[in-house]
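What follows is a short report on a single structure.
Residue numbers (mature numbering (1 follows the signal peptide of the UniProt record, and there is no 0)): -21 to -1, 1 to 173.
Structure representation (structure tokens):
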């Protein structure tokens, strides 16, 4: 995570050195986007499970930003990620995963140039976790922390890249097994700012 943070800051500094001529663009407003997500999950459970899994998914997001200063904004957003996010395999061979993850996000953003932004993210995340009996599930909730960069391609279009660490609260299934689930999510996407 430290390497990713340092890389993100270095990219931001490089982009900032190239273009602060006209000042930052207006940070306020609504934006929507779609991301390709690459997640590495892990699970540990009282049935003896200790495993990892990888998956890809499509993520959708929307957020509204309020500019509090020329170079700083706070955003409130929501995101949804489709599909099964693999976190490994239970001791009995049943897949451990989180389905249909969604979140409510608070997103502070700083403009490093007129078209390049660095953002952080604090999320309340939700989903449905598969039980080790292979047929039932339980709702899970947790907290996510993220960092990313966004670059405006023109007045409205942008691309962005991010990293999120999602830690879910331990969940106890009807089988009596308690599971701890976690995800590291890397995303790359495009979007539109209104």
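Glycine residues also receive a C-beta, built at the ideal position from the N, C-alpha and C atoms.
Everything numeric in this text was worked out from a predicted model, so none of it was measured.
query = Which residue's Cα is closest to the Cα of residue 63: 56, 37, 82 and 43?
reply = 37
message = So if DSSP puts residue 49 in a beta bridge, which residue, or which two residues, is it bridged to?
response = For residue 49, which the question treats as bridged, DSSP gives no partner whatsoever.
message = Considering Cα atoms alone, identify which of 16, 81, 170 and 32 is closest to residue 122.
response = 81
query = Would residue 141 be called buried (16 or more neighbouring beta carbons within 10 Å of its own) or exposed?
reply = buried
inquiry  = According to DSSP, simplified to helix, strand and coil, what is residue 2?
reply    = Its pLDDT being 47, under 50, residue 2 is placed unreliably in this model, and the value from its coordinates should be taken loosely. Three-state result, residue 2: coil.
key: Alpha carbon of residue 59 to alpha carbon of residue 27, nearest angstrom   = 31 Å
ask   = Buried or exposed: which applies to residue 147, given that a residue is buried once 16 or more other Cβ atoms fall within 10 Å of its Cβ?
value = buried
query = Where residue 70 and residue 107 are concerned, what is the direct C-alpha to C-alpha distance, given to the nearest angstrom?
reply = 19 Å
Whole-Å CB distance - residue 125 paired with residue 100, under 8 Å assumed = 3 Å
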